[in-house]
Each structure stands twice: as C-alpha cells, then as structure tokens.
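Its first residue numbered 92, the sequence shown is counted upward by one per residue in my numbering.
For glycine and all other residues, C-beta sits at the position ideal for the given N, C-alpha and C.
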Amino acid sequence: MAYPYMASSRAFRFPHSTTLPKIVEEHRLDGFSNFHDSDSSSTTTLATDNLQVLKLPTRLIIALTCGFAGIFSHGTAYLYSLGSSKSQSSLIWAIGPICGTVVQPIVGAIADNSRIRWGRRRPFILGGAIGTAISLIALAWVSNIMHALAATVNIHSDEGVKTMTQIGIIVCITFLNLSIQPLQSGLRALIVDICPSEQQSVASAWAGCFSGFSNILGYILGSLPLGIVSHDNEVWRFRFLALVSVAALGTTVLLAVYFIREEDPREFVYAPEEGMLLVRVLRTVKNSWSSMPAQSQRVCLVQFFAWMGWFGFLFYSTSYVGRLYMTESQRRGVEHFYQRDVGIRRGTFANLLSAVTALATMVIAPYVASTNSVGRLSEKPILQSRSRWWRQTHIIWAMSHLLYAFCAFCTFFISSTNTAVLVIAVAGISWGVTQWAPFALLGEEIAISQAGQDPGPAERGGVQWMSSQSGAKMGIHNAAISIPQILAAVASSFVFVIFEGDRSDGDSGIVWVLRISGLAALVAAYFAWQLR
Numbered sequence: 092m093a094y095p096y097m098a099s100s101r102a103f104r105f106p107h108s109t110t111l112p113k114i115v116e117e118h119r120l121d122g123f124s125n126f127h128d129s130d131s132s133s134t135t136t137l138a139t140d141n142l143q144v145l146k147l148p149t150r151l152i153i154a155l156t157c158g159f160a161g162i163f164s165h166g167t168a169y170l171y172s173l174g175s176s177k178s179q180s181s182l183i184w185a186i187g188p189i190c191g192t193v194v195q196p197i198v199g200a201i202a203d204n205s206r207i208r209w210g211r212r213r214p215f216i217l218g219g220a221i222g223t224a225i226s227l228i229a230l231a232w233v234s235n236i237m238h239a240l241a242a243t244v245n246i247h248s249d250e251g252v253k254t255m256t257q258i259g260i261i262v263c264i265t266f267l268n269l270s271i272q273p274l275q276s277g278l279r280a281l282i283v284d285i286c287p288s289e290q291q292s293v294a295s296a297w298a299g300c301f302s303g304f305s306n307i308l309g310y311i312l313g314s315l316p317l318g319i320v321s322h323d324n325e326v327w328r329f330r331f332l333a334l335v336s337v338a339a340l341g342t343t344v345l346l347a348v349y350f351i352r353e354e355d356p357r358e359f360v361y362a363p364e365e366g367m368l369l370v371r372v373l374r375t376v377k378n379s380w381s382s383m384p385a386q387s388q389r390v391c392l393v394q395f396f397a398w399m400g401w402f403g404f405l406f407y408s409t410s411y412v413g414r415l416y417m418t419e420s421q422r423r424g425v426e427h428f429y430q431r432d433v434g435i436r437r438g439t440f441a442n443l444l445s446a447v448t449a450l451a452t453m454v455i456a457p458y459v460a461s462t463n464s465v466g467r468l469s470e471k472p473i474l475q476s477r478s479r480w481w482r483q484t485h486i487i488w489a490m491s492h493l494l495y496a497f498c499a500f501c502t503f504f505i506s507s508t509n510t511a512v513l514v515i516a517v518a519g520i521s522w523g524v525t526q527w528a529p530f531a532l533l534g535e536e537i538a539i540s541q542a543g544q545d546p547g548p549a550e551r552g553g554v555q556w557m558s559s560q561s562g563a564k565m566g567i568h569n570a571a572i573s574i575p576q577i578l579a580a581v582a583s584s585f586v587f588v589i590f591e592g593d594r595s596d597g598d599s600g601i602v603w604v605l606r607i608s609g610l611a612a613l614v615a616a617y618f619a620w621q622l623r
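Shown next as structure tokens:
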C-alpha cells in the first residue's frame, strides 16, 4: 500500500485479542513465493486461502453496505402514496446521484487527509450511519411531521399540506443521501486500504455477498403480507422496513467500528500542501483522477453507461410488476383497489428472486474468474492455461450487460406477471456481476498502483508517509456511477411526462424506461469488452 504498514497489519480487533496474530503478515505473500505447479490447484483457491484471516473483518465491513434494498423497492410506491407523480418521483430519486457525484469524491479526499486519532475511515462511517438513521426515520414519518408543521404555521388547506409534504420529502431524501456518502465511501475505501491487491477480487465478492444477504432480508420483509404490522398500507409498510433497516445498520456499524482497527493517522507524515481546505480537497480529487491507472479510468467509463441502464431497474421494476399484476386483475374483473397491495408485494417478490440469483452469482463468480494479480506474480504455464478468455473478469462483466439488455428488451413481449417475475429474477445474474466485477477490477488496480508507488525506507528517510488516496479514487468511481443516474432520472421524468397524457395506458412510461435502459447496457457491454 502507499502507506508503510502492510494491508493486514494491526487492522482488526478480535475478542480476547488486541492485535492480529503476526502470522498474518507472513501469510500474506508466502503462498506466492513458494508457488509450484504441483501444489497449485487454482488461482482463485490461493487467493481465497489468503483471505481466510480477513473473513471476519471483511464480513463486518460489508454488512453495512446495503440494508436498504427492501426499502427502496417500496420507495417509489411510498412516494406515490404521499401524492408524488411519476415524473416528480423520478426527479426526487435524482437527488441521490447528485449527492454521490458532488459529495462523495470530496468526502473521500477529506478522509484521505484526515488526522482523527480513531482512523481515516471509521469516524466517517459512524457519522454517516447516524445521519442516515435520523434521515430515514424522518422520511418514514414525513407526512406526520409536515402535517404538524403546517398546523403550526396555520396552513390547513389540503393543497398547502400536500405541497409542504413534498418539500419535506425532498429535504429528508437530500439529507439521507448526504449522510450515505461518507458511510458508503468509508466502507469501500476501507476494503481497498486493508486488503492487498491479490485479495481485492475475493474481498469485493464478500462485499457483494453480504449486501446480497441484506437485500434478500429486505425483500422478504417487503413481500410478506404484514397486515398486523403495516395494516396492508404502503406508508406503514415503509415505516416498518425503515425501522428494521435502522436497527440492522446501527448493529453492524457498531460491530465494524469495534472490530476494525486503523492506524492512528497522526503517526504518519503527510505530504505538505498549501492553500485553503476546499482548494486542497479539489486538488486531491483532481490528482486522484490523474493518478488512476488507465484500466481504472476505463472501468469508470463502463460504469457510466451501465448505471444509466440500472437506474430504471432499481427504482421501477417493483412498480412494473405491480402495475402488470393490477392490469391482469382488471382483465379478470377484480377491483383495482383491492389488488394494489398484492401487486406491490408481487413486485417485491420478483426483486427477492433477483436478489437471490444475484447472491448466488456473487458467490460463484470469483471462483469462475481468473485473478489478474496472481497471474502477474507468477508466469507459470498452469496459471496461463487456466485463465481462459471467458474467465476474465471484464469478459464476464461484459456478458452480464448483454444479459441485462436481453431482459430489458423482453418487456416488448411480456404480458403476464409470472413472466415478468422470471425475467427480473434472471436480471439478478447481471446485478450480481455488477456488484462484484467493477470493484474487484478497480480495487486491484488501485492496490497494485499504490504498492508500486510506495517509496522505500531510504527514500522516506526513515519517516512513515501517508499518501494513499483510495478514498478519493473510490469517490471518483462513485461519481461515474452517480452522474449517469442523474441523466437517467431526467430522461425518465421526460418519458413519464409524455405518457402521463395517455389515458389508455398510463403505465407505459415505466415500460419504456426499462426498454431504453437496455440500450445503455449494450453500450456498457461494448466498453467492458474492450478492457484488458
């Protein structure tokens, strides 16, 4: 790594032990120094073995990354229940990508240069988690809060209360997304910081796996008929899911903050910088982009088009299945009102199946893919023979985009709910690869780059230097994910405005948003195929 202590040295705190056993450091590369054809069953097995000592801390890190899938699968329906239109909801969801584009690279750069004695990442993770919990609870009860506020300022008309509720939604979602940025940035940068390059692929896979576990739990809760808890009301269902997510987030954050030990940044000497804080931060972001390996920059390009496609799937797949179910019910003569909640639960069930297939994909994919860092450390023929073209991470990633495009275009022919559920479940394969491949490629390249730039003791003059910019670099990667979502949100809003006047089929806008997302996936597949 760019700073002198090794990636796994004194990184974690275990029960009844204040430091990690010394064997960790020796184990880190011994497997490569004594590598022979006779004792090498596979590249991935070796990388997995090297990760054994990191499994507990890595799992604790990842448990935080995504406990909100079940919530946001109901997020659009929740906004509808509060009076938001389709075009308004699309623009409201654009707040998240905007915050990710602007805030996360800056937060990452600030964290990279932080000198807080508890570490460079943990304070931001903890602070982000607290802000996220408060914002999420406020969002769940925003209608009650704004009704009380309206009464305080003597606003009693229905239109005035509705307007204040929409303002409250925007404020809560803005603060929610601002709080998520240091949480997400700190977690991803921490994985890059504590895992050496040969472990980045498997560590990213574990990250995706535990995100998948939390997604599945959220979707299960969201798809159950929680009549006693939520009164089969979308507002109360969202509140229930919000409380569960806050409890899970608080528990896992506290565990991670306790078990993960970072070196005290005050013990290191930082490269001297001049100018105002904001200028230094922006300079750090700019330098981080310039110093990113070309491969990492190309990964960001792929992510740009990939997430332009994923926006529609993440926010509207549940509504798509739910509306399709209600259309079927109407054809059978069943009242629309009584089937609304059932339709939303059916859409959540589709996303549950998608999360299960994504989790299975994230578990299997690292063992199918070849590990680039191992191949760089050894030129043995057995390694080269096992690294077949289709096992390369970027090829698997490209094929996953093609699969998603196929699923998106299937909406031209889908007319039944069961078929839609099947297609969304299959799209989970592509989502699983998306949650693993880019972070594996990016983390590996950054780790290798930083290791190559690490000055020796003679160059440092015996002084420990802190020069890792993994936080800013992961923030730049997140900006590459966020910017296309802003564009997709604006485009989706435009599509909804067009179809809002179509009384014969008012839900065509959602279908066309999904179809157009397939085109972006095709472009992402092309650029992913060009990676090396």
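7 angstroms Cβ shell around residue i - same chain, five flanking residues per side excluded
i	result
F500	R606, G609
V337	A224, L227, I228
S172	E325, V326
R150	Reliability fails at R150, whose pLDDT of 42 lies under 50, so the model's placement of it is uncertain and no value is given.
Reference residue i; option with closest CA among the options
i	options	result
Y349	P214, T439, G438	P214
S226	R436, I261, V194	I261
L340	T439, L278, K253	L278
F304	L281, S248, A446, N569	A446
F406	C391, Q421, I435, I236	I435
S314	G187, A460, F331, G218	F331
I186	A516, V283, I264	I264
I351	A456, N324, I285	I285
E591	H165, L533, C498, S176	S176
R437	S507, G566, H492, C498	S507
V581	L182, A570, G219, G413	L182
I189	T409, A570, T502, V604	A570
V198	A241, A579, W603, G566	G566
N509	S583, R623, Q483, L415	L415
S234	G174, S178, R208	G174
V194	S420, V293, Q272	Q272
Three-state secondary structure assigned by DSSP to residue i
i	result
I351	strand
W603	helix
I264	helix
S314	helix
L308	helix
I574	helix
L638	As displayed, the chain neither begins before 92 nor continues past 623, which places residue 638 out of reach and without an answer.
S506	coil
R208	coil
V588	helix
V244	coil
C300	helix
S176	coil
A446	helix
N569	helix
K146	Any reading at K146 is ruled out, since the residue's pLDDT is 39, under 50, leaving its predicted position unreliable.
N235	helix
A48	Outside the shown range of the chain (92 to 623) lies residue 48, about which nothing can therefore be said.
A460	coil
Own chain residues within Cβ distance below 8 angstroms of residue i, not counting five before or after
i	result
I221	S270
S205	R211, P214, F215, P356
A333	I162, L227, I228, L230, A231
I246	V252, M255
T409	S164, H165, T167, A168, I435, G438, T439, A441, N442
Extent of the continuous alpha helix (DSSP H) to which residue i belongs
i	result
P214	213–231
I201	186–203
A489	484–500
C391	385–422
S172	166–172
Contact set for residue i: own chain, Cβ-Cβ below 6 angstroms, skip 5 residues either direction
i	result
I589	none
V393	A615, F618, A619
G400	S608, A611, A612
A449	G303, G519, W522, G523
W398	I572, P575, Q576
L217	V348
Y495	A518, S521, A612
W603	V586
Any chain E beta carbon closer than 9 angstroms to residue i
i	result
I515	Protein chain content of the structure displayed is limited to a single chain, and chain E is not contained in it.
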